[in-house]
């Protein structure tokens with residue numbers, strides 16, 4: 021097995037759903053400080069990994085307002101930390117083989133203003149979504165999000181820069197992934213695709229040109245980054261001074277689920293079911309039909325994560341329960357999975373926090389396994405976990 025195959029296999033073992041390799045030449049149009057050679061002068065390749073958002077968390081989250089993220093909160097509680105784990109551990113894997121490697125964080129970290137010779141505002145160290153395109157994973161849609169043929173915009177990316185000369189992935193060459201349905205435009209709560217648009221971005225990556233609106237990021241980030249209430253009257257012009265003034269006057273509210281992500285799906289996977297949710301659903305195929313096989317896999321996930329308690333209940337078990345209504349949280353629910361870890365006597369707060377992190381990771385892994393195999397699954401609902409115990 022050559023090194024490229026080893027890297028891809030390792031990334032998948034660590035939990036990546038998608039993996040691609042980009043040569044540094046595909047970043048030639050990026051500002052030096054946001055390019056692989058600007059961060060690691062010896063860079064030859066960029067490994068990009070992605071974890072798929074649970075479809076149900078995207079489709080059912082952000083209701084009744086984008087502030088009500090609900091199960092979409094798994095992005096910050098699980099997906100971003102897992103991506104950072106992948107970035108770090110894959111970098112260690114390559115470093116152990118003798119290659120200088122730089123892991124980049126997955127979460128929303130950027131400079132709000134230009135820095136030294138970098139004249140770009142809202143600039144990350146490396147734009148993961150552009151790196152994903154350079155790694156052959158998909159295309160940039162009208163929303164500015166990277167779309168993949170497998171999941172549309174429903175994944176998060178992370179990048180690892182390395183001096184290892186890996187075999188590049190081919191650029192995506194399938195059917196167009198954005199048909200300009202304009203659902204991102206129609207559903208943007210700050211109207212950032214129509215108001216204060218500076219120009220049309222025209223970005224070249226790997227010989228392909230992508231065009232999409234150059235939005236005012238201060239407006240775009242009103243709630244998602246700056247946690248301002250979307251019920252407020254948003255001024256016609258939004259800048260840093262406006263954000264600071266509104267913070268002082270109204271205080272912080274909460275973040276939001278991005279509607280540009282929620283209401284987008286690539287044409288070949290797009291299914292409308294308004295009885296289920298307002299957003300388009302992602303067409304899926306059930307890959308494992310046997311309930312016994314599904315249960316065995318879930319039990320293995322629990323064993324691998326040192327879970328002490330595991331139980332499966334049917335929806336009808338809760339039909340006469342006045343306090344638990346699973347169908348409120350997943351309309352097509354059939355069964356519920358409950359897991360637990362025993363907290364050792366005398367455990368301090370750090371041990372307890374570690375246990376809850378393990379539970380969150382495992383719950384997501386179970387739901388993710390079901391989702392990838394064609395079943396609706398969700399975690400992080402508002403049902404109090406201890407209410408399951410009576411069943």
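In my numbering, the protein residues as written are 21 to 411. Backbone N, C-alpha and C fix where the C-beta goes; we use that ideal spot for every residue, glycine too.
Only residues of its own chain outside the window of five on either side were considered, and among them 43, 44, 182, 183, 184, 185, 186 have a CB closer than 8 Å to the CB of residue 64, listed in chain order. In terms of CA proximity to residue 75, 390 leads the group 390, 402, 404. Secondary structure in the segment 99–170: the beta strand (DSSP E) runs of 3 residues or longer, each lying completely within the stretch, are 121–123 in chain order. Taking the C-beta atoms as reference points, residue 47 is found no nearer than 7 Å to residue 61. Residue pairing by DSSP places residue 221 opposite 232 in a beta bridge. Bridge partners of residue 355 according to DSSP: 334. Bridge pairing for residue 74: absent [DSSP]. Following the DSSP letters along the chain, one finds residue 374 inside the alpha helix (DSSP H) bounded by residues 369–392. The C-alpha of residue 374 lies about 31 Å from the C-alpha of residue 337. Nearest C-alpha to residue 95 among 73, 339, 232, 83: 73. When the five nearest sequence neighbours on each side are left out, the beta carbons in the same chain lying within less than 7 Å of the beta carbon of residue 319 are those of 330, in order along the chain. For the 7 Å CB-CB criterion, residue 212 and residue 161 do not form a contact.
In this structure, the straight-line span from the alpha carbon of residue 151 to that of residue 282 is close to 22 Å. Counting other Cβ atoms within 10 Å of its Cβ, residue 177 reaches 16 or more and is therefore classed as buried. Taking 7 Å as the cut-off, the Cβ atoms of residue 111 and residue 101 do not count as close. With respect to the 7 Å criterion, residue 210 and residue 254 are classified as neighbours on the basis of their beta carbons.
Around the Cβ of residue 220, a 10 Å sphere holds fewer than 16 other Cβ atoms; the residue is exposed. Residue range 38–43 is occupied by the beta strand (DSSP E) that includes residue 38. With distances taken between CA atoms, residue 361 lies nearest to 326 out of 82, 326, 69, 83. In this structure, residue 192 lies near residue 159, with their beta-carbon atoms less than 7 Å apart. As computed with DSSP, residue 181 is found in a beta bridge with 66, 122.
Under the three-state reduction of DSSP, residue 286 is assigned to coil, being neither helix nor strand.
Shown here for residue 109: same chain residues with a beta carbon closer than 7 Å to its own, the five before and five after excluded, namely 34 in chain order. Annotation: the continuous alpha helix (DSSP H) that includes residue 316 extends over 311–324. Within the same chain, and ignoring the five residues on either side of residue 38 in sequence, the residues whose Cβ sits closer than 6 Å to its Cβ are 70, 157. The C-beta separation of residue 40 from residue 155 comes to about 3 Å, placing the pair in contact by the 8 Å criterion. Per DSSP, reduced to three states, the secondary structure at residue 329 is strand.
Cα atoms of residue 229 and residue 146: separation of roughly 19 Å, rounded to the nearest angstrom.
Close CB contacts of residue 315 within its chain, under the 8 Å cut and outside five residues either way in sequence, are with 332 (chain order). Between residue 350 and residue 398, the beta carbon gap of about 5 Å places them in contact (Cβ cut-off 8 Å). A distance below 8 Å between beta-carbons, with the five flanking residues on each side excluded, links residue 248 to the following residues of its chain, in chain order: 242, 263, 266, 267, 270, 272, 273.
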